[in-house]
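The sequence shown begins at 69 in our numbering and counts up by one.
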Amino acid sequence: MTELVHSKAEKYADDFTTADGDLLLEVADHTIKNHSMPHMLSGHVQGRLLSMLSCLVKPERILEIGTFTGYSALCLAEGLQDKGVLHTIDIRDEGAAVFFDRSAFKNKIVLHIGDANKIIPELTESWDIVFIDADKTGYLNYYELILPQLKINGLIIVDNVLFHGDVLEDNITGKNAKAIHAFNEHIKNDKRVEQVLLTVRDGLLLLRKI
Ligand SMILES: C[S@@+](CC[C@H](N)C(=O)[O-])C[C@H]1O[C@@H](n2cnc3c(N)ncnc32)[C@H](O)[C@@H]1O
Numbered sequence: 069m070t071e072l073v074h075s076k077a078e079k080y081a082d083d084f085t086t087a088d089g090d091l092l093l094e095v096a097d098h099t100i101k102n103h104s105m106p107h108m109l110s111g112h113v114q115g116r117l118l119s120m121l122s123c124l125v126k127p128e129r130i131l132e133i134g135t136f137t138g139y140s141a142l143c144l145a146e147g148l149q150d151k152g153v154l155h156t157i158d159i160r161d162e163g164a165a166v167f168f169d170r171s172a173f174k175n176k177i178v179l180h181i182g183d184a185n186k187i188i189p190e191l192t193e194s195w196d197i198v199f200i201d202a203d204k205t206g207y208l209n210y211y212e213l214i215l216p217q218l219k220i221n222g223l224i225i226v227d228n229v230l231f232h233g234d235v236l237e238d239n240i241t242g243k244n245a246k247a248i249h250a251f252n253e254h255i256k257n258d259k260r261v262e263q264v265l266l267t268v269r270d271g272l273l274l275l276r277k278i
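Below, the structure is given as structure tokens:
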């Protein structure tokens, strides 16, 4: 694993970013204390970026692939329009519903438990924002499944596109790093979208459908 951003810069960014609300702090705390892989949670700075993007887009429909304990869904939901809805999918029930029910977005978040490959084709919405943050080998398939349903100028946000720095190696090993690199190459050559790769946390790719 490579240190992608200097730890002092990470700390500085954390200090100078708007603080999380009480519920998000609780979700993060609960995840750290009770989950074996708490690093999967988006975290403070990335969470505020998700919220910021959502508040700027003012989406009617958001799709999240990879709910985990609900942190990023709660961040993204902050920008929803009054009648907006966020659908979030996870193959495992990690207890996010408890936090959704206690949030201001109780009636705006729909949690689907099951394989995203099966659930995405069942959703007939037109998406304003999609956040891809599930199994890395599935990214390409998720992207191709959702792109036809993404509105023109719609935004796709993809997490872990630097995959702990593993994609920076000359000889990329490991199935997840290989899958992420192949995904990044695919996007680079895809004329249907414009993209910017941000070195935020583990790498965040922003795509706009042309
Ligand atoms: C990195 S975590 C998501 C973190 C969350 N977005 C956040 O920032 O708090 C990835 C999640 O994807 C889920 N996942 C893995 N494979 C999946 C699949 N085929 N369909 C749906 N969810 C899947 C895992 O169960 C895990 O909870």
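Beta carbons: idealized from backbone N, C-alpha and C, even for Gly.
{"query": "Does the segment 131–138 come within contact of the segment 149–156, defined as at least 3 CB pairs closer than 8 Å?", "result": "yes"}
{"query": "Should F231 be listed as close to ligand 1, given that the test is whether its C-beta is under 6 Å from any heavy atom?", "result": "no"}
{"query": "Which residue's Cα is closest to the Cα of K151: V198, R160, N175, I248?", "result": "N175"}
{"query": "Is the beta carbon of M108 within less than 6 Å of some heavy atom of ligand 1?", "result": "yes"}
{"query": "Note the first and the last residue of the continuous alpha helix (DSSP H) segment covering Q263.", "result": "Segment 261–266 is the beta strand (DSSP E) holding Q263; no alpha helix (DSSP H) there."}
{"query": "Note the first and the last residue of the continuous alpha helix (DSSP H) segment covering K174.", "result": "First-last for K174: undefined, no H or E at that position."}
{"query": "With respect to the alpha helix (DSSP H) encompassing I248, which residues constitute its N-terminal and C-terminal limits?", "result": "243–256"}
{"query": "What residues in its chain sit with their C-beta under 8 Å from that of D82, if we drop five residues either side in the sequence?", "result": "H112, V113"}
{"query": "Got a sec, what are the start and stop residues for the beta strand (DSSP E) I197 sits in?", "result": "195–200"}
{"query": "Report the residue from H249, N221, G163, L91 whose alpha carbon sits nearest the alpha carbon of D234.", "result": "H249"}
{"query": "Hey, quick one: how far does the alpha helix (DSSP H) through R116 stretch, first residue to last?", "result": "112–125"}
{"query": "Any chance you could list the beta strand (DSSP E) runs of at least 3 consecutive residues sitting entirely within the segment 127–174, in chain order?", "result": "129–133, 153–158"}
{"query": "I want to check one thing, is the minimum distance from the CB of I225 to the heavy atoms of ligand 1 below 6 Å?", "result": "no"}
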